[in-house]
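Numbering (the working numbering), first residue to last: 72 to 428. In what follows, a single structure is set out as structure tokens and then discussed.
Right, dumping it as structure tokens:
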């Protein structure tokens, strides 16, 4: 491969990288490359639950999700593709000791657009038990999307506008000269650029080590969504997050309900394939009975075991490197990148344009 020059190079072909790719192209950049070592959307994105919601206990993440939601709602018109948006409503359960904070955050979000409501726990017609719940927040437009479909739609859009997306091309290392990025070395040769954006999820740390201090802020962590078969005659709840038990759930096809809980398995290697942890399957099932009484008779149907890059505050890293000019880091979204990908992509686009201007 001959040396190639690009206005910007994005490392990582998951949903975050694809969002950045589409939006840089949309901004008018004439030469943008997206590089993926495997297949597009086959890392964390490929096993994501794809849940879509606005409310977060952290207002920073609420704002990212608030700005992103309209993109999912209008995805076809914006990008001439599909994102799999399915409106089911979304429920977020907060414990009693977080009641005041939750009310304040709901009011803050609703002051911009009234999209959230506080449910009356005594009258709510949802198949969820509310024991030890202080506040239940409902978002009618919430639901879930298809992260793989979303990623591929963004890549298709970017390609149609002149961008180049490379699949099956591994980035060996970033090229830095005199404190400034000048490109990347890949399995098919060198690609030169004054802007390199690392959005490689769980692989980001390995690419950044020795170059940027942000690498020290990223750790990999296992994620497991367990699949259960709803008993006959049972209709499961809409997607929900339970901040009292730490459970999260969404419906699946064919009477399946997927339920997960945080793992405590850190620093895993993202290139290694993992089967579901049977102990986690049983633990989550037992926890889920607190919210869904019929889970005692739900049959296990496997699940998906994945991973992501995490930061200590779950806010991710969205910044330019202090050590290397032209290097941008967009990683560490802690299992929650899908629902904020549109706004994250927009912010990266703005940062890159500002840097180049």
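Idealized CB from N, CA, C, for every residue including glycine. Note that this is a predicted model, so its numbers are computed, not measured.
{"Check": "Helix, strand or coil at residue 390 according to DSSP, with G and I counted as helix", "Outcome": "strand"}
{"Check": "Beta-carbon spacing of residue 331, residue 385 below 8 Å", "Outcome": "no"}
{"Check": "Classification of residue 171 by the beta-carbon crowding that lies within 10 angstroms, buried from 16 upward", "Outcome": "exposed"}
{"Check": "Same chain only: Cβ atoms within 8 Å of residue 372, ignoring 5 sequence neighbours per side", "Outcome": "298, 299, 300, 327"}
{"Check": "Given residue 101 as reference, the closest of 158, 245, 135, 79 once Cα atoms are compared", "Outcome": "79"}
{"Check": "Rounded straight-line distance, which links the Cα of residue 376 to that of residue 336", "Outcome": "12 Å"}
{"Check": "Rounded Cβ spacing between residue 351 and residue 295 (contact assumed at less than 8 Å)", "Outcome": "5 Å"}
{"Check": "Pair within 8 Å by beta-carbon distance, residue 86 and residue 302", "Outcome": "no"}
{"Check": "Sequence-distant residues of the same chain with beta carbon closer than 7 Å to residue 222, five excluded per side", "Outcome": "85, 86, 89, 111, 112, 116"}
{"Check": "Where residue 340 falls, given that 16 or more other Cβ within 10 Å makes a residue buried", "Outcome": "exposed"}
{"Check": "For residue 95, the first and last residue of its enclosing alpha helix (DSSP H)", "Outcome": "86-97"}
{"Check": "Classification of residue 281 by the beta-carbon crowding that lies within 10 angstroms, buried from 16 upward", "Outcome": "exposed"}
{"Check": "Cβ contact check for the region 220-234 and the region 197-211: 3 or more pairs under 8 Å", "Outcome": "no"}
{"Check": "Whole alpha helix (DSSP H) elements within the region 272-339, 4-residue minimum", "Outcome": "275-279"}
{"Check": "Reduced DSSP category for residue 135 - H, G, I as helix; E, B as strand; rest coil", "Outcome": "helix"}
{"Check": "Closer than 8 Å to chain C by CB, residue 241", "Outcome": "The chain labelled as chain C is not found in the depicted structure, where only one protein chain is given."}
{"Check": "Local conformation of residue 159 per DSSP, three classes", "Outcome": "coil"}
{"Check": "CB-CB length for residue 254 against residue 214, believed under 8 Å", "Outcome": "At roughly 41 Å, the Cβ-Cβ gap does not stay under 8 Å, so residue 254 and residue 214 are not in contact."}
{"Check": "Neighbour-count burial assignment, residue 379, 16 or more Cβ in a 10 Å radius", "Outcome": "buried"}
{"Check": "Proximity to residue 188 [Cα-Cα], best of 164, 168, 169", "Outcome": "164"}
{"Check": "Residues near residue 424 in its chain [Cβ-Cβ closer than 8 Å; skip 5 each side]", "Outcome": "98"}
{"Check": "Nonlocal neighbours in the same chain, by C-beta distance under 8 Å from residue 394, ignoring five residues either side", "Outcome": "250, 282, 283, 284"}
{"Check": "Chain-order list of residues whose beta-carbon lies under 7 Å from that of residue 256 (same chain, five-residue window excluded)", "Outcome": "243, 244, 246"}
{"Check": "Own chain, CB closer than 6 Å to residue 411, minus 5 neighbours either side, in chain order", "Outcome": "135, 136, 139"}
{"Check": "Residue 141 - DSSP class collapsed to helix/strand/coil", "Outcome": "helix"}
{"Check": "Residue 173 versus residue 76 - alpha carbon distance", "Outcome": "49 Å"}
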